[in-house]
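In the numbering used here, the protein residues as written are 507 to 996.
A short worksheet on the structure shown next.
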RNA sequence: GGUCUCUUGGCCGAGUGGCUAGGCAUCGGUCUGCAAAACCGGGUACGGCGGUUCGAAUCCGCCAGAGACCUCCA
């Protein structure tokens, strides 16, 4: 359907993407742990895989996109004394854990909606799949790759590694892991420090727990993704995505779990997005240097000199390739904002273009370039460079420096609709409220009057009209044969 | 300490063994009553030192700097 090349972390190479059962594609992405407000870091994978989702659909695939909500807290560290993340937050705020989950899930959804991130096909919750996770543990136990100690179940990494390759995704070597593991409390239950929990017996103060064959407890950190991806996409599926920081140990453990349970690997393509940095350092919860999405949208943060709209944030993220880090700065955001406005202004200009008999521009060639950019591992920065070439073409035609015929004009319109809106997922943000006809009517009337004043050389009055309109946020552009205007929204 | 990655012009950010990435900013020009917008054009690069090559920012080595993972993290 396409010649899409996708970088596979497993092979560290771009590979030709071929689904297992075309035209169907199974895509699983690690979603958020809902215990805090979504920040810029959450926007990166959401947007990255939104682009993949959109592009696959545009390419004719039938995609089932599963993105989980982690609402069963994970341990805070690799120790028995570790506390459930969500449980901790709940106690601090004197709320039921599920109240926290509900609240932050909604916050996440709201931010994603504003960023124009499409909803996944299925958004399963870990807490709703305890039975599936227990079943998976039983399978792993049955195959001999796990052991039970005092009501907890651990994955036997050493034994697994004898038959399979633990570390194949992240490039780890088991001996190195052993040599470099820190001494942490409560490791004594495990045979080896690198073994990981599949089921943990809950301590009395642990709020979130479920019954199981081994103890009243909760599932291990990596289990939910293995269980839920298998449930909705099958034991073997096409693409698993997530942030680069999840490569190890999370995704490595997922591979081990699925392989241990089914005897075969489940994921064909592992796709990882890079991090967003701030002053060259990873923006992250644990570093306390994150900026929430709401703070971006309102400008209410000490590092922000202004508010940035959701589409500006989206455009900013897409200006970098998903496998590169992207460094946050006000300057970068502002240039993204201006660039995007220019792009969207050109889209509007297309509607005003009139076709000629002949065409001096090559739209088919431009379309080809755009397609190639996306096929080359979703290279959105290159795609955007080509779209700006299109912007130049549109503006030239508009100024009669180039001409376009009817057929090419149609192609041009389709090109921009497809790539700007359908694939990049940008959208017009201007709020026209319910004054869709009233305001333009009034503005047009004022500007018609201004033309007459200009013709009478009453420039003082003409300028007054323009100045007043500009004051309330209109951008006035005089043309040879009239005028043009838009509302800046500020 | 182990594993790995990165270092591009004022800022952001692509890319390739020889051919303009692009955006923002800046400068010059066209247009305009003046602006704005738009368009055209110009300047500014490939961390340092060696090596391979007819030719390297692109391949190799060394050095310097930055970062990621090894612990929950997108």
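We treat Cβ as the ideally placed atom computed from N, Cα and C, and that holds for glycine.
Predicted model only: the values in this text are computed from it and were never measured.
_Distance between residue 754 and residue 695 (C-alpha atoms, nearest Å)_ = On the first chain, position 189 is the one that residue 695 refers to. On the first chain, position 248 is the one that residue 754 refers to. Taking the straight line from one Cα to the other gives about 22 Å.
*asked:* If you reduce the DSSP assignment to three classes, tell me which class residue 798 lands in.
replied: Against the first chain, residue 798 aligns to sequence position 292. When DSSP states are grouped into helix, strand and coil, residue 798 belongs to the strand group.
*asked:* Counting C-beta neighbours from all protein chains within 10 Å, is the total for residue 764 16 or more, i.e. buried, or is it exposed?
replied: Taking the first residue of the first chain as position 1, residue 764 is located at position 258. Buried, because 16 or more other Cβ atoms sit within 10 Å of the Cβ of residue 764.
_Alpha carbon of residue 690 to alpha carbon of residue 676, nearest angstrom_ = Looking up residue 690 in the first chain gives position 184. Looking up residue 676 in the first chain gives position 170. Low local confidence applies: a pLDDT of 48 at residue 690 is under 50, so the model's placement there is unreliable, with the coordinate-based value given in what follows. Distance between the alpha carbons of residue 690 and residue 676 is about 23 Å.
*asked:* Once DSSP output is grouped into helix, strand and coil, what is the label at residue 787?
replied: Reading the first chain from its first residue, position 281 is the one you call residue 787. Strand.
*If you compare alpha carbons, which of 817, 730, 786 is closest to residue 799?*
Along the first chain, read from residue 1 onward, the residue named residue 799 stands at position 293. Nearest option by C-alpha distance: 817.
_Rounded separation between residue 734 and residue 887 - CA only_ = Translated into the one-based positions of the first chain, residue 734 becomes position 228. Translated into the one-based positions of the first chain, residue 887 becomes position 381. Between residue 734 and residue 887, the C-alpha separation is close to 33 Å.
*Do you know offhand how far residue 899's Cα is from residue 947's?*
Taking the first residue of the first chain as 1, we reach residue 899 at position 393. Taking the first residue of the first chain as 1, we reach residue 947 at position 441. Roughly 30 Å separates the two Cα atoms.
*Run through DSSP, which three-state label would residue 549 get?*
In the first chain, residue 549 corresponds to position 43, counting from 1. Assigned with DSSP and collapsed to three states, residue 549 falls in helix.
*asked:* What would DSSP say about residue 658, mapped onto helix, strand or coil?
replied: For this step, residue 658 is matched to residue 152 along the first chain. For residue 658, the three-state secondary structure derived from DSSP is strand.
*Three or more C-beta pairs below 8 Å linking the region 545 to 553 and the region 704 to 716*: No, the region 545 to 553 does not touch the region 704 to 716.
*Whole runs of the alpha helix (DSSP H) within the region 683 to 743, excluding any shorter than 4 residues*: Taken in chain order, the complete alpha helix (DSSP H) segments of 4 residues or longer contained in the region 683 to 743 are 729 to 739.
*asked:* My output table needs one value for residue 819: the three-state DSSP class, helix, strand or coil.
replied: In the first chain, residue 819 corresponds to position 313, counting from 1. DSSP places residue 819 in helix when its eight states are reduced to three.
*Considering residue 933, what are the terminal residues of the alpha helix (DSSP H) in which it resides?*
Counting from 1 along the first chain, the entry for residue 933 is found at position 427. Counting along the chain, residue 933 falls outside any alpha helix (DSSP H), and DSSP gives it neither H nor E.
*Is residue 659 buried or exposed, if buried means 16 or more other CB atoms sit within 10 Å of its CB?*
Position 153 of the first chain holds residue 659. With 16 or more other Cβ atoms within 10 Å, it is buried.
_Checking 8 Å against the spacing of the C-beta atoms, do residue 819 and residue 802 come in under that value?_
Translated into positions along the first chain, residue 819 becomes position 313. Translated into positions along the first chain, residue 802 becomes position 296. Less than 8 Å separates the beta-carbon of residue 819 from that of residue 802.
*Are the CB atoms of residue 909 and residue 865 nearer to each other than 8 Å?*
Taking the first residue of the first chain as 1, we reach residue 909 at position 403. Taking the first residue of the first chain as 1, we reach residue 865 at position 359. It is a contact, given that the beta carbons lie within the stated cut-off.
_Quick check on DSSP: helix, strand or coil for residue 900?_
Translated into the one-based positions of the first chain, residue 900 becomes position 394. In the three-state DSSP reduction, residue 900 falls in the helix class (H, G or I).
*How would you call residue 639, buried or exposed, if buried means at least 16 neighbouring beta carbons within 10 angstroms?*
Along the first chain, read from residue 1 onward, the residue named residue 639 stands at position 133. So residue 639 counts as buried.
*With residue 988 as the anchor, note down where its alpha helix (DSSP H) starts and where it stops.*
Translated into positions along the first chain, residue 988 becomes position 482. First-last for residue 988: 988 to 993, but that is the beta strand (DSSP E), not the alpha helix (DSSP H).
*Would you mind stating whether residue 707 and residue 723 have Cβ atoms separated by less than 8 Å?*
Counted from its first residue, the first chain places residue 707 at position 201. Counted from its first residue, the first chain places residue 723 at position 217. In this structure, residue 723 lies closer than 8 Å to residue 707 by Cβ.
*To the nearest angstrom, report how far apart residue 559 and residue 569 are at their CA atoms.*
The count along the first chain starts at 1 and reaches residue 559 at position 53. The count along the first chain starts at 1 and reaches residue 569 at position 63. About 7 Å.
*asked:* Distance check for residue 791 and residue 938, CA to CA, integer angstroms please.
replied: Along the first chain, read from residue 1 onward, the residue named residue 938 stands at position 432. Along the first chain, read from residue 1 onward, the residue named residue 791 stands at position 285. Because the pLDDT at residue 938 is just 48, under 50, the model does not fix this residue reliably, and the point stays unresolved.
*If you compare alpha carbons, which of 614, 635, 986, 536 is closest to residue 571?*
The count along the first chain starts at 1 and reaches residue 571 at position 65. Checking every option, the nearest Cα to that of residue 571 belongs to 536.
*Hey, how far is the Cα of residue 869 from the Cα of residue 862?*
Position 363 of the first chain holds residue 869. Position 356 of the first chain holds residue 862. Approximately 14 Å between the Cα atoms of the pair.
_Straight-line Cα distance separating residue 766 from residue 656_ = Here residue 656 refers to the residue found at position 150 of the first chain. Here residue 766 refers to the residue found at position 260 of the first chain. Looking at the backbone, the Cα of residue 656 and that of residue 766 are separated by about 22 Å.
*CA-CA distance, residue 852 and residue 903?*
Position 346 of the first chain, counted from the first residue, corresponds to residue 852. Position 397 of the first chain, counted from the first residue, corresponds to residue 903. Going by the C-alpha atoms only, they are around 11 Å apart.
*What residue from 811, 856, 517, 564 has the CA that sits closest to residue 915's CA?*
Residue numbering aside, residue 915 sits at position 409 when the first chain is read from its first letter. Residue 915 has its Cα closest to that of 856, out of 811, 856, 517, 564.
*Just mark residue 595 as buried or exposed, buried being the case when its beta carbon has 16 or more other beta carbons within 10 Å.*
As a first step, residue 595 must be located in the first chain, where it is residue number 89. Under a 10 Å Cβ-count criterion, residue 595 is classified as buried, with 16 or more other Cβ atoms of the shown protein chains found around its own Cβ.
*Which of helix, strand or coil does DSSP assign to residue 970?*
Your numbering for residue 970 matches position 464 in the first chain. Collapsing the DSSP output to three states places residue 970 in a helix.
*Name, in chain order, the residues that DSSP records as bridge partners for residue 652.*
On the first chain, position 146 is the one that residue 652 refers to. Answer is 661.
*Ends of the alpha helix (DSSP H) at residue 568?*
In the first chain, residue 568 corresponds to position 62, counting from 1. Counting along the chain, residue 568 falls outside any alpha helix (DSSP H), though it belongs to the beta strand (DSSP E) covering 568 to 573.
*Close-in-space but distant-in-sequence residues of the same chain around residue 631 (CB under 6 Å, 5 per side omitted)*: Position 125 of the first chain, counting from 1, holds the residue named residue 631. Closer than 6 Å at Cβ, skipping near neighbours: 575, 577.
*asked:* What does the alpha-carbon distance come out to for the pair residue 884 and residue 961?
replied: In the first chain, residue 884 corresponds to position 378, counting from 1. In the first chain, residue 961 corresponds to position 455, counting from 1. Near 52 Å, if we compare the C-alpha coordinates of residue 961 and residue 884.
_What would DSSP say about residue 867, mapped onto helix, strand or coil?_
Along the first chain, read from residue 1 onward, the residue named residue 867 stands at position 361. In the structure shown, residue 867 sits in coil (DSSP, three-state: anything other than H, G, I, E or B).
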